[in-house]
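Trainee: Protein chains in written order, with full-length UniProt numbering: chain A, 1 to 164; chain B, 1 to 164; chain C, 1 to 164; chain D, 1 to 164.
4 protein chains.
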Amino acid sequence: MSLCVIAAGGTFDKHYDEIAGKLVFRDSVLPGVIERSRITLPVRLEALPLLDSLDMVDADRQRIRDACANALETMIVIIHGTDTMQQTAEVLGRAALGKTIVLTGAMVPYEIAQSDALFNFGFATGVAQTLPPGVYVAMNGQVFGWDAVRKDRSRGVFERKSME
Amino acid sequence: MSLCVIAAGGTFDKHYDEIAGKLVFRDSVLPGVIERSRITLPVRLEALPLLDSLDMVDADRQRIRDACANALETMIVIIHGTDTMQQTAEVLGRAALGKTIVLTGAMVPYEIAQSDALFNFGFATGVAQTLPPGVYVAMNGQVFGWDAVRKDRSRGVFERKSME
Amino acid sequence: MSLCVIAAGGTFDKHYDEIAGKLVFRDSVLPGVIERSRITLPVRLEALPLLDSLDMVDADRQRIRDACANALETMIVIIHGTDTMQQTAEVLGRAALGKTIVLTGAMVPYEIAQSDALFNFGFATGVAQTLPPGVYVAMNGQVFGWDAVRKDRSRGVFERKSME
Amino acid sequence: MSLCVIAAGGTFDKHYDEIAGKLVFRDSVLPGVIERSRITLPVRLEALPLLDSLDMVDADRQRIRDACANALETMIVIIHGTDTMQQTAEVLGRAALGKTIVLTGAMVPYEIAQSDALFNFGFATGVAQTLPPGVYVAMNGQVFGWDAVRKDRSRGVFERKSME
Numbered sequence: 001m002s003l004c005v006i007a008a009g010g011t012f013d014k015h016y017d018e019i020a021g022k023l024v025f026r027d028s029v030l031p032g033v034i035e036r037s038r039i040t041l042p043v044r045l046e047a048l049p050l051l052d053s054l055d056m057v058d059a060d061r062q063r064i065r066d067a068c069a070n071a072l073e074t075m076i077v078i079i080h081g082t083d084t085m086q087q088t089a090e091v092l093g094r095a096a097l098g099k100t101i102v103l104t105g106a107m108v109p110y111e112i113a114q115s116d117a118l119f120n121f122g123f124a125t126g127v128a129q130t131l132p133p134g135v136y137v138a139m140n141g142q143v144f145g146w147d148a149v150r151k152d153r154s155r156g157v158f159e160r161k162s163m164e
Numbered sequence: 001m002s003l004c005v006i007a008a009g010g011t012f013d014k015h016y017d018e019i020a021g022k023l024v025f026r027d028s029v030l031p032g033v034i035e036r037s038r039i040t041l042p043v044r045l046e047a048l049p050l051l052d053s054l055d056m057v058d059a060d061r062q063r064i065r066d067a068c069a070n071a072l073e074t075m076i077v078i079i080h081g082t083d084t085m086q087q088t089a090e091v092l093g094r095a096a097l098g099k100t101i102v103l104t105g106a107m108v109p110y111e112i113a114q115s116d117a118l119f120n121f122g123f124a125t126g127v128a129q130t131l132p133p134g135v136y137v138a139m140n141g142q143v144f145g146w147d148a149v150r151k152d153r154s155r156g157v158f159e160r161k162s163m164e
Numbered sequence: 001m002s003l004c005v006i007a008a009g010g011t012f013d014k015h016y017d018e019i020a021g022k023l024v025f026r027d028s029v030l031p032g033v034i035e036r037s038r039i040t041l042p043v044r045l046e047a048l049p050l051l052d053s054l055d056m057v058d059a060d061r062q063r064i065r066d067a068c069a070n071a072l073e074t075m076i077v078i079i080h081g082t083d084t085m086q087q088t089a090e091v092l093g094r095a096a097l098g099k100t101i102v103l104t105g106a107m108v109p110y111e112i113a114q115s116d117a118l119f120n121f122g123f124a125t126g127v128a129q130t131l132p133p134g135v136y137v138a139m140n141g142q143v144f145g146w147d148a149v150r151k152d153r154s155r156g157v158f159e160r161k162s163m164e
Numbered sequence: 001m002s003l004c005v006i007a008a009g010g011t012f013d014k015h016y017d018e019i020a021g022k023l024v025f026r027d028s029v030l031p032g033v034i035e036r037s038r039i040t041l042p043v044r045l046e047a048l049p050l051l052d053s054l055d056m057v058d059a060d061r062q063r064i065r066d067a068c069a070n071a072l073e074t075m076i077v078i079i080h081g082t083d084t085m086q087q088t089a090e091v092l093g094r095a096a097l098g099k100t101i102v103l104t105g106a107m108v109p110y111e112i113a114q115s116d117a118l119f120n121f122g123f124a125t126g127v128a129q130t131l132p133p134g135v136y137v138a139m140n141g142q143v144f145g146w147d148a149v150r151k152d153r154s155r156g157v158f159e160r161k162s163m164e
């Protein structure tokens, strides 16, 4: 039994560039996060291009789908931007890969005070081991099915999408 | 659906006392940890006496068992010292309370650099929502049944206990 | 003997807004920074509008000059953005207020990992007590006279300005 | 002009050992602290044995005195335990080395939340450049002469010693 962690960018992994004075991507923080978590389960980290999820196009979501499809592991945690997390979840959900795939991210970058990143990574790592195959979004200490979640951007929280 | 978090002490919740120059208990860090985690699920925090788990006696474990028994919630996360976590898990396991009870803690206090506390809290919060009723230890990014876990103190990790 | 700290904004005091996804000003971090520093000297914090120093206009620098002129203290530390710190220093230098005024700031916000903010605040607080009256920029662990400093933006460091 | 930093131990440099469950010395945090401070002044770090200052004996203070005497730099910052900082300061003060020597330390280890270590290091680095030759204790945002300082252990602060 082993876990695949896919780094796909998002706020979780943003870094402050002190020359430019803004948040950018650089080396992923995930190797340090995984070490810090003291997981004794085998973990393989697959680093995809780190992207702001608002900048993601179809090809980026296909790349994530391919990474999931090709992974030998049946438990996958994806670190992803929150703004279009549900779109990527939908692509993965429709692909019906037969694995437990959990998308998570953060409202505040890992490197900034009061970040939720480490909590979310722990949460996702837990439910990836305990949920049946399927595609899930894990944010705000809750699990949502890929077709039943939306982000309320004005409040910055994920919530169950009311069925129409 | 709501979650009960029981604060029972342990390394997770130790605080550096700058006058005494050592790690002690003071107010629990858990209210801040829960806020930081941005959980939108209802959470009730029950603060028991904070103890080093090496100092726990039978009465302390009974108090934890009573808190679990009396909780209206069916999902419970207990923050506990790691050194006798399996003993408390055994008391709770034998009590057969019909709830999902997850014990976790930390190898490094929440307030110290590179702490695993927030990861462990996220992990436990996730599996408490997804595991069937029973008593579990969640440490090192893994879930262990209450009767199948031991701490290897020399390496500081939890592992599956080999059956005799 | 007492110290006046003037909060004028800059990277030091920027806060990550998790809804907007960017760095903004909110309540100043300085009350917490001063408490953390355990200064036993009397300190008065004067909070001016917090500004990105690239957005400062003449009126903003006059406001800072007035705050310095009106302060009863003769030792003043100003927390300021780095991009136009030397311009404000020049306004204060030409005003010849007869006080020891030290401008500092940060390359990385106080709330972000590996920030230099607390070091710089300590450095400035020290030299404000030991330098003769005058206006100084204290960055990169060095003291510069107000008329002899420039920021090398490409490298993100302050250096002595070569005299022409 | 360059700075010598002498690492001699104390709370500043204590590290949490997760196997032993207590604070111990390991590699000094000072290389990371110096890098974080973005000092552009040349800095040489001299690592002496890291000791709890309550464990220091005469030979330990002589070693620190020798390191100061042998340093080519005329500005020296010593990171030292707070409990016997004034004794070491006295040894250095009586040695009359003709250099500016500033002792500092921390009430809370650098690696623990709300530590004063980085502030104190910045403060000491500043006054080491601006004070005349002599031996000083720099704690609580104040400078004390080596023969006029005491630590009030019950309150955990340094204060001016009343002359008898």
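Where is the CB? At the ideal position from N, CA and C, for every residue including glycine. Fair warning: this is a prediction, and the values are worked out from it, not measured in the lab.
At 4 residues or longer, what runs of the alpha helix (DSSP H) sit wholly inside the stretch 27–59 of chain A?
Mentor: Here the runs fully enclosed are 30–37.
Trainee: Quick check on the burial criterion: 16 or more other C-beta atoms within 10 angstroms. Buried or exposed for residue 38 of chain A?
Mentor: Under this definition residue 38 of chain A is a buried residue.
Trainee: Please list, in chain order, the chain A residues whose beta carbon lies closer than 9 Å to that of residue 157 of chain B.
Mentor: Near residue 157 of chain B (Cβ distances below 9 Å), the residues of chain A are 38, 40.
Trainee: Taking 8 Å as the threshold, find out whether the stretch 112–123 of chain A comes into contact with the stretch 106–115 of chain C through three or more Cβ pairs.
Mentor: Touching, per the Cβ criterion.
Trainee: Any idea if residue 180 of chain D is buried or exposed, counting beta-carbon neighbours within 10 angstroms, 16 or more meaning buried?
Mentor: The structure shown has nothing for residue 180 of chain D, since chain D only spans 1 to 164.
Trainee: Tell me which residues share the same chain as residue 103 of chain A and place their Cβ nearer than 6 Å to its Cβ, disregarding the 5 neighbours each side in the sequence.
Mentor: Contacts found: 78, 80, 85, 89, 137.
Trainee: Mapping the DSSP letters down to three states, classify residue 17 of chain D as helix, strand or coil.
Mentor: Reduced to three states, the DSSP call for residue 17 of chain D is strand.
Trainee: Who are the near neighbours of residue 108 of chain A in its chain, counting only those whose CB is closer than 8 Å to its CB and skipping five residues on each side?
Mentor: Contacts found: 11, 114, 115, 116, 117.
Trainee: Just how far apart, CA to CA, sit residue 76 of chain B and residue 13 of chain B?
Mentor: Residue 76 of chain B and residue 13 of chain B: Cα-Cα distance of roughly 18 Å.
Trainee: Between which two residues does the alpha helix (DSSP H) carrying residue 126 of chain D extend?
Mentor: Looking at the DSSP string, the run of the alpha helix (DSSP H) that includes residue 126 of chain D is 117–130.
Trainee: For residue 123 of chain C, decide whether its Cβ has a neighbour in chain G, counting only Cβ atoms nearer than 8 Å.
Mentor: This model lacks chain G altogether; the protein chains it does include are A, B, C and D.
Trainee: Leaving out five residues before and five after residue 97 of chain D in sequence, what residues of the same chain have Cβ atoms less than 6 Å from its Cβ?
Mentor: Only 68, 69 meet the Cβ criterion.
Trainee: For residue 66 of chain D, name the three-state secondary structure that DSSP assigns.
Mentor: Looking at residue 66 of chain D - three-state DSSP - the assignment turns out to be helix.
Trainee: Apart from the five residues just before and just after residue 45 of chain B, which ones in its own chain have a Cβ nearer than 6 Å to its Cβ?
Mentor: Correct list, in chain order: 5, 30.
Trainee: For the alpha helix (DSSP H) that residue 92 of chain A lies in, which residues bound it at each end?
Mentor: 85–95 is the span of the alpha helix (DSSP H), which, as asked, contains residue 92 of chain A.
Trainee: In chain A, which residues lie with their C-beta within 7 Å of the C-beta of residue 105 of chain C?
Mentor: What residue 105 of chain C touches in chain A: nothing, since even the nearest Cβ is about 12 Å away.
Trainee: Give a yes or no on whether 8 Å exceeds the smallest Cβ distance from residue 11 of chain A to chain B.
Mentor: So, not an interface residue.
Trainee: DSSP three-state label for residue 160 of chain A, please.
Mentor: Strand, per DSSP.
Trainee: From this set, C/132, C/7, C/3, C/18, which residue's C-alpha is nearest residue 155 of chain A's C-alpha?
Mentor: The option with the nearest alpha carbon to residue 155 of chain A is C/18.
Trainee: Which of the three DSSP states, helix, strand or coil, is assigned to residue 104 of chain D?
Mentor: Three-state result, residue 104 of chain D: strand.
Trainee: In chain C, which residues lie with their C-beta within 7 Å of the C-beta of residue 113 of chain A?
Mentor: The contacting residues are 111.
Trainee: Helix or strand or just coil, what does DSSP make of residue 144 of chain A?
Mentor: Residue state, collapsed to three classes: strand.
Trainee: Check each candidate in D/83, D/43, D/126, D/92 and name the one with the smallest Cα separation from residue 157 of chain D.
Mentor: The shortest Cα separation from residue 157 of chain D among D/83, D/43, D/126, D/92 belongs to D/83.
Trainee: Below 8 Å between beta carbons: does that hold for residue 21 of chain B and residue 52 of chain B?
Mentor: Not in contact: residue 21 of chain B and residue 52 of chain B (Cβ atoms no closer than 8 Å).
Trainee: Mind listing the chain C neighbours of residue 118 of chain D? Cutoff is C-beta to C-beta under 8 Å, in chain order.
Mentor: 118, 119, 122, listed in chain order.
Trainee: Flag this pair as yes or no: are the beta carbons of residue 122 of chain A and residue 121 of chain B separated by less than 8 Å?
Mentor: Result yes, Cβ atoms of residue 122 of chain A and residue 121 of chain B sit closer than 8 Å.
Trainee: What residues match up with residue 153 of chain A in a beta bridge as DSSP calls it?
Mentor: Note: residue 153 of chain A sits in no beta bridge, so no partner.
Trainee: Which residues in the same chain as residue 47 of chain B place their Cβ atom closer than 6 Å to its Cβ, once the five residues preceding and following it in sequence are excluded?
Mentor: Taken in chain order, the residues that qualify are 7, 28.
Trainee: Between which two residues does the beta strand (DSSP E) containing residue 136 of chain D stretch?
Mentor: 134–139 is the extent of the beta strand (DSSP E) around residue 136 of chain D.
Trainee: Which whole-angstrom value is the C-beta distance of residue 141 of chain A and residue 40 of chain B, which I expect to be below 8 Å?
Mentor: Indeed, because the Cβ distance is near 7 Å, the residues count as touching under 8 Å.
Trainee: If you follow the beta strand (DSSP E) that residue 79 of chain C is in, where does it begin and where does it stop?
Mentor: Per DSSP, residue 79 of chain C belongs to the beta strand (DSSP E) from 75–79.
Trainee: Given residue 50 of chain D, which residues of its chain have a CB within under 6 Å of its CB, disregarding the five upstream and five downstream residues?
Mentor: Contacts found: 9, 13, 25.
Trainee: For the candidate residues B/54, B/91, B/72, whose alpha-carbon lies nearest to that of residue 63 of chain B?
Mentor: The shortest C-alpha separation from residue 63 of chain B is found at B/91.
Trainee: Just to confirm the assignment, what range does the beta strand (DSSP E) spanning residue 8 of chain B have?
Mentor: First-last of the beta strand (DSSP E) with residue 8 of chain B: 3–9.
Trainee: With a 10 Å radius around its C-beta and 16 neighbouring C-beta atoms as the bar for buried, classify residue 152 of chain A as buried or exposed.
Mentor: It counts as exposed.
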